[in-house]
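Student: One structure, pasted below without further comment.
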Amino acid sequence: MFYLNNISFVKYIKIIGCLFGVLELSSYLCYTIIIIYDMKISKTIKEHGFTIQQVADAIGLQRSSLANTIGGNPTVETLRKIAEAIGCNITEFFSDEEYVSKEVGLTALVDYNGTLYRADSVGELEMVVEKIKTAENERK
């Protein structure tokens, strides 16, 4: 079972386990990588009976700012706020099995010290990991 701040990501464990072996990630990074096939934030908001405007008001953002965030790279904190506002679990924003079976590319979000890094391939993920390793070494 894989957890990110007490949130279970069971269906992603096989993918994450494979990446750990390839990238030799530290234990800290092992708990801050989320593999995403497709995020369905807007759809989930609507399914729970809310509009983007209502959610924006609830979390203290302008509607346009929230819409841009949803369409771009939302932070884990923003995802938590949205989930709390509409009364759902953050895992609902991620694809269900019907989407996972489609052939789509890899997207990894790495939250490191409050900065969210995005990688769309294993090569890009390796570069992010190297950047973080360098930062960790400089801190020592």
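Here UniProt numbering is used: the sequence shown runs in plain steps of one and ends on residue 140. Heads up, the beta-carbon is just placed ideally off N, CA and C, and yes, glycines get one too.
#1: Quick one: what's A56 bridged to in DSSP?
#2: Residue range of the beta strand (DSSP E) that T107 falls in?
#3: So for T75, helix, strand or coil by DSSP?
#4: Which class does L66 belong to by DSSP, given the choice of helix, strand or coil?
#5: Rounding to the nearest angstrom, what Cα-Cα distance links N137 and N113 in this structure?
#6: In the DSSP output, which residue or residues are listed as bridge partners for T115?
#7: Please work out which residues of its chain come closer than 6 Å, Cβ to Cβ, to I34, disregarding the five sequence neighbours upstream and downstream, and give them in chain order.
#8: Assuming K133 is part of the alpha helix (DSSP H), what are its boundary residues?
#9: Residue range of the alpha helix (DSSP H) that K40 falls in?
#10: Between T69, N73, K40, which lies nearest to A119 when the distance is taken from Cα to Cα?
Tutor: From the atom records:
#1: Paired residue(s): none; A56 is not in a bridge.
#2: 107 to 112
#3: coil
#4: helix
#5: 14 Å
#6: Y112
#7: Since pLDDT at I34 reaches only 47, below the 50 mark, its modelled position is unreliable, and the value read off the structure follows with that caveat. So the qualifying residues of the chain are L109.
#8: 122 to 139
#9: Where K40 is concerned, there is no enclosing alpha helix (DSSP H), given that its DSSP letter is neither H nor E.
#10: N73
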